[in-house]
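Working notes for the structure below.
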Amino acid sequence: MNEELIRVDRLTMHFPLQKGLLANLFVREKRFVHAVNSVSFAIAKGEVLGLVGESGSGKTTTGRMILRLLEPTAGEVFYKQDNITAYSARDMECIREKMQVIFQDPFASLSPRMSIGDAISHPLKIHGLAKGAAARDMTLAIMEKVGLSPAPFLYRKYPHQISGGQRQRAVIARALITRPDFVVADEPIAMADVSVRAMILDLMAQLKEEFELTYLFITHDLATCKYICDHIAIMYLGRIVEIGPLRSVFSNPVHPYTATLLDAVPVPDPRYRRTHRMPRGEIPSPIDLPPGCSFHTRCPFARESCRVEVPALTEVGGAHAVACPVRAGSRGS
Ligand SMILES: Nc1ncnc2c1ncn2[C@@H]1O[C@H](COP(=O)(O)OP(=O)(O)OP(=O)(O)O)[C@@H](O)[C@H]1O
Ligand SMILES: [Mg+2]
Numbered sequence: 565m566n567e568e569l570i571r572v573d574r575l576t577m578h579f580p581l582q583k584g585l586l587a588n589l590f591v592r593e594k595r596f597v598h599a600v601n602s603v604s605f606a607i608a609k610g611e612v613l614g615l616v617g618e619s620g621s622g623k624t625t626t627g628r629m630i631l632r633l634l635e636p637t638a639g640e641v642f643y644k645q646d647n648i649t650a651y652s653a654r655d656m657e658c659i660r661e662k663m664q665v666i667f668q669d670p671f672a673s674l675s676p677r678m679s680i681g682d683a684i685s686h687p688l689k690i691h692g693l694a695k696g697a698a699a700r701d702m703t704l705a706i707m708e709k710v711g712l713s714p715a716p717f718l719y720r721k722y723p724h725q726i727s728g729g730q731r732q733r734a735v736i737a738r739a740l741i742t743r744p745d746f747v748v749a750d751e752p753i754a755m756a757d758v759s760v761r762a763m764i765l766d767l768m769a770q771l772k773e774e775f776e777l778t779y780l781f782i783t784h785d786l787a788t789c790k791y792i793c794d795h796i797a798i799m800y801l802g803r804i805v806e807i808g809p810l811r812s813v814f815s816n817p818v819h820p821y822t823a824t825l826l827d828a829v830p831v832p833d834p835r836y837r838r839t840h841r842m843p844r845g846e847i848p849s850p851i852d853l854p855p856g857c858s859f860h861t862r863c864p865f866a867r868e869s870c871r872v873e874v875p876a877l878t879e880v881g882g883a884h885a886v887a888c889p890v891r892a893g894s895r896g897s
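Position one of the sequence shown corresponds to residue 565 (my numbering), numbered consecutively onward.
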């Protein structure tokens, strides 16, 4: 593994459940949404880790905790080996320009009252990196880099005056103008038109090389990981159930949940037959997490022990690890 840029250690977020006034008076017990439960992983410099899972599995919450946009209930985040969970707000300000985020919805993340150029240059002002003509030149340069061309023309436009693809490019430019080395890309193509998706992915891959970026690439769509990720982590109800190099997880999924997710990826061959059974039943509530393995309620391979013990991630070869003793054991590695 190259030099490690980001590491999270047992990161946990339990949101207290808001109760009504009466419930507050009469019900003593505090309840929580167990959004993220003891998640650990590392991302090497220059690598892309795909964080994949269904809606509500805790992907965004994990990303926000890494950037300290949310204070974790427990656990730690290390940036360049430094424990930034211990940083004061002031210390955090010093490294914030190095850790940026691209949100899913470019319309929502751009102010309708700010021109595209002003929005992209805004972080330079906030972090005191440049102003006036220097800021404008830097903005025009990054706009050209992300394909917002001709930049001087688009600089003056407002979000509603440009296309969806251009808005997403503007959000990417705004994230990169401070020259970060780590970017959380939270479903960056989910809102884009199908025709634009491939272009945005290509652009992100190209910018990664040019700016020597490291990404946490959040997606609910395993198929898109193929184009950009080096490693993938599969999340289910706030826990990582499988993690490893992309090729190893794709060719050899061990956790039953990963196998069913992979089976849902469309294959352009009419003769192809699905081999894994889809999980039965509904995804349980993160408020009342099932005891033991969170997936046991839907798992065709569940044994008695799965209902009791939370399985730890265990290596099954290379850097590939799985939280399923039943399947990992039967694999004979
Ligand atoms: N501020 C909050 N207060 C209470 N619960 C929250 C809060 N933010 C998120 N949650 C809950 O935490 C869980 C994880 O949410 P999160 O947004 O991280 O999931 P996600 O994997 O990003 O889903 P999606 O694919 O829909 O974006 C969900 O059950 C969600 O309802
Ligand atoms: Mg999300």
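We put the CB at the ideal spot given by N, CA and C, even for glycine.
Being a predicted model, the structure only gives us computed values, none of them experimental.
Taking 8 Å as the cut-off, does the CB of residue i come closer than this to any heavy atom belonging to ligand 2?
{"i": "Asp750", "result": "yes"}
{"i": "Thr624", "result": "yes"}
{"i": "Ser619", "result": "yes"}
{"i": "Gln730", "result": "no"}
{"i": "Gln668", "result": "yes"}
Hey, would you say residue i sits closer than 9 Å to residue j, going by beta carbons?
{"i": "Ser621", "j": "Met799", "result": "yes"}
{"i": "Thr742", "j": "Pro817", "result": "no"}
{"i": "Ile666", "j": "Val748", "result": "yes"}
{"i": "Lys662", "j": "Phe781", "result": "no"}
{"i": "Ile684", "j": "Ala737", "result": "yes"}
{"i": "His784", "j": "Gly627", "result": "no"}
{"i": "Gln668", "j": "Leu740", "result": "no"}
{"i": "Ile792", "j": "Tyr779", "result": "yes"}
{"i": "Ile847", "j": "Arg595", "result": "no"}
{"i": "Ala828", "j": "Leu786", "result": "yes"}
{"i": "Phe859", "j": "His819", "result": "yes"}
{"i": "Met707", "j": "Ala715", "result": "yes"}
{"i": "Pro744", "j": "Leu704", "result": "no"}
I want to check one thing, is the minimum distance from the CB of residue i to the heavy atoms of ligand 1 below 8 Å?
{"i": "Phe579", "result": "yes"}
{"i": "Lys594", "result": "no"}
{"i": "Met799", "result": "yes"}
{"i": "Ile782", "result": "yes"}
{"i": "Val758", "result": "no"}
{"i": "Pro850", "result": "yes"}
{"i": "Ala599", "result": "yes"}
{"i": "Gly802", "result": "yes"}
In or out: residue i buried (at least 16 other Cβ within 10 Å) or exposed?
{"i": "Gln770", "result": "exposed"}
{"i": "Ala885", "result": "buried"}
{"i": "Glu751", "result": "buried"}
{"i": "Gln645", "result": "exposed"}
{"i": "Gln894", "result": "One point to set straight first is that residue 894 is Ser, not Gln, in the sequence displayed. Looking at its Cβ environment, which holds fewer than 16 other Cβ atoms inside 10 Å, Ser894 is exposed."}
{"i": "Pro580", "result": "exposed"}
{"i": "Val880", "result": "buried"}
{"i": "Leu877", "result": "buried"}
{"i": "Gln582", "result": "exposed"}
{"i": "Gly896", "result": "Summary for Gly896: the model assigns pLDDT 49, below 50, so the residue's position carries little reliability, and this model does not support an answer."}
{"i": "Gly882", "result": "exposed"}
{"i": "Ala887", "result": "buried"}
{"i": "Arg871", "result": "exposed"}
Using only alpha-carbon positions, find the residue among the options that is nearest to residue i.
{"i": "Val597", "options": "Arg733, Ser849 and Val872", "result": "Ser849"}
{"i": "Arg632", "options": "Ala653, Lys623 and Ser679", "result": "Ala653"}
{"i": "Ser540", "options": "Glu568, Pro820, Gly802 and Ile680", "result": "Since the first residue of the chain shown is 565 and the last is 897, residue 540 is not available in this structure."}
{"i": "Val572", "options": "Gly711, Tyr791, Arg803 and Glu657", "result": "Arg803"}
{"i": "Cys863", "options": "Tyr722, Ser812 and Pro889", "result": "Pro889"}
{"i": "Thr576", "options": "Phe717, Thr624, Thr878 and Ser602", "result": "Ser602"}
{"i": "Arg844", "options": "Pro854, Glu657, Tyr821 and Met678", "result": "Tyr821"}
{"i": "Arg600", "options": "Cys658, Cys870 and His578", "result": "The sequence given here has Val at residue 600, not Arg. Among Cys658, Cys870 and His578, the Cα nearest to that of Val600 is on His578."}
{"i": "Gly856", "options": "Glu868, Glu873 and Ala705", "result": "Glu873"}
{"i": "Met629", "options": "Ser619, Glu593, Phe859 and Ile570", "result": "Ile570"}
{"i": "Thr649", "options": "Arg660, Cys658 and Pro636", "result": "Pro636"}
{"i": "Lys721", "options": "Arg700, Val710 and Asp682", "result": "Asp682"}
{"i": "Leu634", "options": "Leu615, Met656 and Cys789", "result": "Met656"}
{"i": "Ile614", "options": "Arg891, Asp794 and Arg867", "result": "Residue identity differs from the one stated: residue 614 is Gly in this sequence, not Ile. The shortest C-alpha separation from Gly614 is found at Asp794."}
Query raised in the report: Taking one C-beta from the stretch 807-817 and one from the stretch 629-646 each time, how about it: are there three or more such pairs within less than 8 Å?
Result: no
Do the stretch 599-612 and the stretch 668-675 meet, that is, are 3 or more Cβ pairs less than 8 Å apart? no
- Task: Report yes or no: do three or more beta-carbon pairs, one from the stretch 689-699 and one from the stretch 722-738, lie closer than 8 Å?
- Result: no
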